[in-house]
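2 protein chains.
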Amino acid sequence: MRTLIIVSHPKLEQSNTQQFLKESAAPLDDVTWYHLDAQTHFDVQTEATRIQAADRLIFQFPLYWYSAPASLKLWLDTVWLKQVAYNESGGLLQGKELGFVISFSQPLAAYQIGGAEGFSVSELLTPYRALAHKTGLTLMPPLTIPQFDYQTEAEHQALLVRYQQYLTVAHPQRFNERAEWFLTQLQSRVNSDSGQLLVDQLMERQEQLERLQMTLGELKTGESE
Amino acid sequence: MRTLIIVSHPKLEQSNTQQFLKESAAPLDDVTWYHLDAQTHFDVQTEATRIQAADRLIFQFPLYWYSAPASLKLWLDTVWLKQVAYNESGGLLQGKELGFVISFSQPLAAYQIGGAEGFSVSELLTPYRALAHKTGLTLMPPLTIPQFDYQTEAEHQALLVRYQQYLTVAHPQRFNERAEWFLTQLQSRVNSDSGQLLVDQLMERQEQLERLQMTLGELKTGESE
């Protein structure tokens, strides 16, 4: 899984959220951080090569007027041309994944009918949904980061894990894949015998859990027949 | 009615649609044409003064990736700041109108479920709907211009009328107000006695029509009581 994080933020250095995400992504293999705002012109062929090298594209940005900042739009307008990014028979983007890492200063509950913002994040992302529909990209459920600066240290740690999984795990919405990722991470960090014992036990529990889930799945299938 | 047309188009001179619209708007009083793309930086106070002078704002653009081109986004991101464009008690935009003049190269029927684009223009404009909700702007139904270059001369003439009405009439969706606008235009263009006779007759017909509509309205109200 090769992931390209396309970061759109006009004041990156001043953003605690983006600096945190940048540090969280840094140790990961096959993950590329690409900040758009330094450029005002894009070379189409260079950008096409960059996109081609990725399996998963992440649009990462703070919500400005219910959309990405202008720099992401400029990149799309100038690079995602017909016959470059897509064509009648599919093209460059076909079959790749498109994820979103979106931060905002309101609580998540503001984004719903009756909430302060009145529209859900999914509704606001409709233009990107149309874009995925057009180009053959597979959408991932967005990773939303509300009010980063008000979050506790524990919430930041949980975000780090969620973010790293979002960038690297095949299906970050599936519990088993997230658990597997967690055990692999733990494994690589454990040096003592007692630590290893803990990891082994966790792995055994995880296997038991997966067997139980499978049995449950079979029972449900039986019921519906 | 003072109208500010905010035009976002990176290649304005090459666009037949925009050149046609520019000429259509030129003879109108109290209508200002403002093209964003020449600038990469905006002075917030200058822009706020410009907005303040208008009762109706028009976002006019070709649909690029199901949204406005980057220049409109840059203008919004840098100018429509809290405490400038809006604040807790309403602010600069409160009570003004927001209209859209949107051109695209597909037929309108492409913009629906099952159509080539898969989403309606109304759905795609969700971020602007949220923006209007936030700032107290009243939305106007969009004026859409599909496939301008394939339209006939008669369709272009009809567009000119629709566009001029969209910019200047209080409620362009109401038949009576459009008819009134039309008669005023005719009046100002007629010089001969026989022409004046025609205008007088049209005006009389229009008055009869409005009286009939009013009677019909009263009958309907009576029914529902």
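Going down the list, the protein sequences come from chains D and B. Reading the first sequence from the start, the letters are residues 1 to 225 in full-length UniProt numbering. Reading the second sequence from the start, the letters are residues 1 to 225 in full-length UniProt numbering. Yeah, the Cβ is synthetic: ideal placement off N, Cα and C, and Gly gets one too. Since the structure is predicted, the reported quantities are computational estimates derived from the model, not experimental observations.
* Uninterrupted alpha helix (DSSP H) stretches inside the region 15 to 68 of chain D (no shorter than 4 residues) -> Whole alpha helix (DSSP H) segments, 4+ residues: 16 to 25 and 44 to 52.
* For Arg2 of chain B and His156 of chain D, the rounded distance between their alpha carbons -> 49 Å
* Could you please give me the residues that DSSP links to Pro144 of chain B through a beta bridge? => Before going on, a small fix: residue 144 of chain B reads as Thr here, not Pro. B:Ile102.
* Does any residue of chain D bring its CB to less than 8 Å from the CB of Glu97 of chain B? -> By the rule that beta-carbons nearer than 8 Å mark a contact, Glu97 of chain B does not touch chain D.
* **Neighbour-count burial assignment, His171 of chain D, 16 or more Cβ in a 10 Å radius** => exposed
* Asked: If contact means a Cβ-Cβ distance below 9 Å, which residues of the region 114 to 140 of chain D contact chain B?
  -> Residues of the region 114 to 140 of chain D with a C-beta less than 9 Å from any C-beta of chain B: Ala116, Glu117, Gly118, Phe119, Glu123, Leu124, Leu125, Thr126, Pro127, Tyr128, Arg129, Ala130, Leu131, His133 and Lys134, listed in chain order.
* The alpha helix (DSSP H) with Thr168 of chain D in it runs from where to where? -> Glu153 to Thr168
* To do: Using alpha carbons as the reference points, say which of D:Ser15, D:Gln94 and D:His41 lies closest to Thr78 of chain D.
  => D:His41
* Asked: Does the distance from the C-beta atom of Val101 of chain D to that of Leu21 of chain D stay below 8 Å?
  -> yes
* With a threshold of 16 other CB atoms inside 10 Å of the CB of Tyr150 of chain B, please say whether the residue is buried or exposed. => exposed
* Asked: If contact means a Cβ-Cβ distance below 9 Å, which residues of the region 53 to 76 of chain D contact chain B?
  -> Tyr64, Trp65, Tyr66, Ser67, Ala68, Pro69, Ala70, Ser71, Leu72, Lys73, Leu74, Trp75 and Leu76
* Does Trp181 of chain B get closer than 8 Å to chain D when you measure Cβ to Cβ? -> At a cut-off of 8 Å between C-beta atoms, Trp181 of chain B does not count as an interface residue with respect to chain D.
* Would you call the CB atoms of Tyr166 of chain B and Ser24 of chain B closer than 8 Å? -> no
* Compute the Euclidean distance between the alpha carbons of His35 of chain B and Gln201 of chain B, then round it to the nearest angstrom. => When rounded, the distance between both Cα atoms is 42 Å.
* To do: With DSSP as the reference, label Gly95 of chain D as helix, strand or coil.
  => coil
* If Ala130 of chain B sits next to Phe119 of chain D, beta carbons under 8 Å apart, how far is it from one beta carbon to the other, in whole angstroms? -> 5 Å
* Under three-state DSSP, which class holds Lys73 of chain D? -> Looking at Lys73 of chain D - three-state DSSP - the assignment turns out to be helix.
* Between which two residues does the alpha helix (DSSP H) harbouring Leu124 of chain B extend? -> DSSP places Leu124 of chain B in the uninterrupted alpha helix (DSSP H) bounded by Val121 to Leu124.
* With Leu81 of chain D as the anchor, note down where its beta strand (DSSP E) starts and where it stops. => From DSSP, Leu81 of chain D is part of no beta strand (DSSP E); its letter is neither H nor E.
* Under 8 Å between the Cβ atoms of residue 272 of chain D and Ile5 of chain D? -> What the structure shows of chain D is the stretch from 1 to 225, and residue 272 of chain D is not part of that stretch, so it cannot be assessed.
* Asked: Applying a beta-carbon distance threshold of less than 7 Å, which residues of chain D neighbour Trp33 of chain B?
  -> Within 7 Å Cβ-Cβ: nothing; Trp33 of chain B doesn't reach chain D, min ~22 Å.
* **Ser103 of chain B, buried or exposed, once every other Cβ within 10 Å from all chains shown has been counted against 16** => Per the 10 Å Cβ criterion, buried.
* Rounded to the nearest angstrom, how far is the Cβ of Ser8 of chain B from that of Ser71 of chain B, given a contact under 8 Å? -> 5 Å
* To do: Go ahead and label Glu153 of chain D buried or exposed: buried means 16 or more other beta carbons lie within 10 angstroms of its beta carbon, across all protein chains shown.
  => exposed
* Taking C-beta to C-beta, are Gln52 of chain D and Leu92 of chain D nearer than 8 Å? -> yes
* Exposed or buried, Pro27 of chain B, counting other C-beta atoms within 10 Å across all chains shown (16 or more means buried)? -> exposed
* CB contact flag (Leu137 of chain B, Thr126 of chain D, <8 Å) -> no
* **Best match in B:Pro107, B:Tyr128 and B:Tyr111 for proximity to Glu117 of chain D [C-alpha to C-alpha]** => Cα-wise, what sits closest to Glu117 of chain D is B:Tyr128.
* To do: Tell me whether Val7 of chain D sits in a helix, a strand or coil according to DSSP, three-state version.
  => strand
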